[in-house]
Each structure stands twice: as C-alpha cells, then as structure tokens.
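> Residue numbers (my numbering): 50 to 148. The following block contains the structure, expressed as structure tokens.
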Amino acid sequence: MREQSRAREARESREFGDSRELRDGREDGRRGRRRGCAFCGDDAPSIDYKDPHGLGYFVTDRGKIVPRRISGNCAKHQREVGVAIKRARSIALLPFTSN
Ligand SMILES: [Zn+2]
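See the structure below:
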C-alpha cells in the first residue's frame, strides 16, 4: 500500500518534470540556449521610446506587449520596455492594436 502510493508520487513528479523540461526546449538539446534579459549586461542596448524598431521585437503583430515569460527580460527591464511601448503608442510610433 505505502510502497504503491510512493511509487505513484514519484512517477507523477517525474512526468511533471519532463513536461516542464520539454516546454523549456532545453532537454531535447535542439532549441537550447535560454536567452536572458536583452537589456542586462555591459553592451546592452538602451530602451528608447523614440525607437519603434528596437521596441518592435517586444510587441506582437497585434500590437500587444510581449510577456516577460516570452521576451525573457528581467522584471526591471520588462517594466521599462512596457513604459517605453506605451509612450511610443501615445505619439503614434507603435500601434495600440492592429485594426
Ligand atoms: Zn534586465
């Protein structure tokens, strides 16, 4: 009885771990190389609301701000990107939405 439930727990936790690793694209060895924040580091570009091409990478084709779990930015820089995108929208450098 106890052995059985413990074995089931182990199997479930293993499956959970597998699916997480698969979603990360790391364990299969093909899509590895998890990029960190684009604006952290020494040779990082500055976040400029007057530069729609630089910000364009962080906007979906529908005009939405790409979430942090996708963009890979750290909290600080994702926040700055969000503010910059909103500023750029207000002066019509970026769209609020696509049609
Ligand atoms: Zn950062």
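All C-beta atoms in this analysis are idealised placements derived from N, C-alpha and C, irrespective of residue type, glycine included. These numbers were taken from a predicted model, which means no experiment stands behind them.
Would the beta-carbon of F107 fall within 8 Å of that of I140?
The answer is no: Cβ separation not under 8 Å.
> Between which two residues does the alpha helix (DSSP H) containing V130 stretch?
Element bounds for V130: 124 to 139.
> In whole angstroms, what separates the C-alpha of N148 from that of A87?
For N148 and A87, the distance between alpha carbons rounds to 29 Å.
> On the three-state DSSP scale, how would you describe I96?
I96 falls in the coil class under three-state DSSP.
> State yes or no: is the C-beta of F145 nearer than 7 Å to some heavy atom of ligand 1?
No, the Cβ of F145 stays beyond 7 Å of every heavy atom of ligand 1.
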